[in-house]
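Trainee: Pasting a structure here, questions to come.
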Amino acid sequence: MEQHYSSDLFEHAVDEFSKLPGIGRKTALRMVLHVLRMDVNSVDAMTGAISRLRHDVKYCRVCHNISDVDVCQICSNPLRDSSTVCVVENIQDVMAIEATGQYRGLYHVLGGVISPVDGLGPSDLEIQSLVDRVGAGGVSEVILALGSTMEGDTTSFFISRKLARFDGLRLTMLARGLSVNDELQYTDEVTLGRSITNRVEFRVEM
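Under the working numbering, the letters of the sequence shown match residues 17 to 222, in that order.
Okay, here's the thing in structure tokens:
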């Protein structure tokens with residue numbers, strides 16, 4: 017039975033907090049009670065940060081990672097190796113790889129993997145923009161750093177076919193230090209770092 021509170025504003029806040037992933041109504045209740053105990057300036061700072069996050073954060077026009085400007089800090093960094101592009105499923109994967117400190121190239125965020133069950137096909141992902149990026153020149157290696165799931169392997173295979181026409185392009189994949197069905201964002205930094213450093217040539221097993 018759903019609980020009702022003496023304040024409609026309080027109840028609305030609980031409803032909104034409970035919409036966050038992994039947050040049930042009991043946890044939402046505790047969070048709202050904590051917010052009520054915070055001083056007004058801290059609450060204003062928090063809500064302001066959330067509002068700016070939603071309105072002002074962009075997606076990099078080069079790699080599709082999150083950014084405050086049109087081209088993210090990674091893509092615009094002259095110290096990064098622009099000839100190497102690491103293809104990942106999502107923004108969390110960029111964060112996971114960056115945390116290893118083992119990679120100095122650039123990224124390309126697909127925004128998902130091919131998954132007919134979820135209604136995601138190649139045209140729903142940033143695959144064509146990757147092909148265009150390679151076609152523009154300057155890229156000598158593409159690392160397929162997708163999770164070792166069926167969907168990840170299917171996506172890697174599809175991309176490899178799309179990039180096959182570019183002579184001299186090196187196509188690599190993470191060393192299989194990752195377990196089957198592992199996702200990058202849940203892999204420990206040491207294992208992920210070694211998988212990047214010891215990456216191998218991508219080969220399609222027929």
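Ideal placement from N, C-alpha and C gives every residue a C-beta, glycine not left out.
Quick caveat, the model's predicted, so the values are computed rather than measured.
Is L146 closer than 9 Å to I175 when the C-beta atoms are compared?
Mentor: The residue labelled residue 175 in the question sits at position 159 within the sequence shown. The residue labelled residue 146 in the question sits at position 130 within the sequence shown. Yes, the pair counts as a contact, with Cβ atoms nearer than the cut-off.
Trainee: Using a threshold of 9 Å, state whether the C-beta atoms of G117 and C102 are closer than that.
Mentor: Within the sequence shown, the letter at position 101 stands for residue 117. Within the sequence shown, the letter at position 86 stands for residue 102. No.
Trainee: How should R215 be labelled, buried or exposed, when 16 other C-beta atoms within 10 angstroms of its C-beta is the threshold for buried?
Mentor: Taking the first residue of the sequence shown as 1, we reach residue 215 at position 199. It is buried - the Cβ of R215 has at least 16 other Cβ atoms within 10 Å.
Trainee: Among residues of its own chain, excluding the 5 on either side of H124, which ones have a beta-carbon nearer than 6 Å to its beta-carbon?
Mentor: In the sequence shown, the residue the question calls residue 124 occupies position 108. Excluding residues within five positions, the ones whose Cβ falls inside 6 Å are C79, V101, V103, L146.
Trainee: L122 lies in the beta strand (DSSP E); which residues open and close that run?
Mentor: Locating residue 122 in the sequence shown gives position 106, counting from the first residue. Note, L122: beta strand (DSSP E), 121-125.
Trainee: Quick check for students: name the residue ranges of the beta strand (DSSP E) that lie wholly in the region 79-133, counting only runs of 3 or more.
Mentor: 97-104, 121-125
Trainee: Considering only residues of the same chain and omitting the five flanking positions on each side of L136, which have a CB-CB separation below 8 Å?
Mentor: Along the sequence shown, read from residue 1 onward, the residue named residue 136 stands at position 120. Here the set comprises G128, V129, I130.
Trainee: Going by other Cβ atoms of all chains shown within 10 Å of its Cβ, with 16 needed for buried, is N106 buried or exposed?
Mentor: By 1-based counting over the sequence shown, the position of residue 106 is 90. When all chains shown are included, N106 counts as buried.
Trainee: Under the DSSP definition of a beta bridge, which residues are partnered with R186?
Mentor: Taking the first residue of the sequence shown as position 1, residue 186 is located at position 170. Answer is E157, bridged to R186.
Trainee: Comparing alpha-carbon positions, which option in P138, M189, K178, D183 lies nearest S156?
Mentor: Start at 1 with the first residue of the sequence shown, and residue 156 comes out as number 140. Nearest of P138, M189, K178, D183 to S156, Cα basis: D183.
Trainee: In this structure, what does DSSP give as the bridge partners for K178?
Mentor: Position 162 of the sequence shown, counted from the first residue, corresponds to residue 178. Looking at the DSSP output, K178 sits in no beta bridge, so it has no partner there.
Trainee: Assign M189 to buried or exposed, taking buried as 16 or more other Cβ atoms, counted over all protein chains shown, within 10 Å of its Cβ.
Mentor: Here residue 189 refers to the residue found at position 173 when the sequence shown is read from its first residue. Buried, since its Cβ has 16 or more Cβ neighbours within 10 Å.
Trainee: Kindly give me the distance between the Cβ atoms of L126 and V158, rounded to whole angstroms, as I take these residues to be in contact under 8 Å.
Mentor: On the sequence shown, residue 126 is found 110 positions in, with the first residue counted as 1. On the sequence shown, residue 158 is found 142 positions in, with the first residue counted as 1. So it is not a contact: roughly 12 Å between Cβ atoms.
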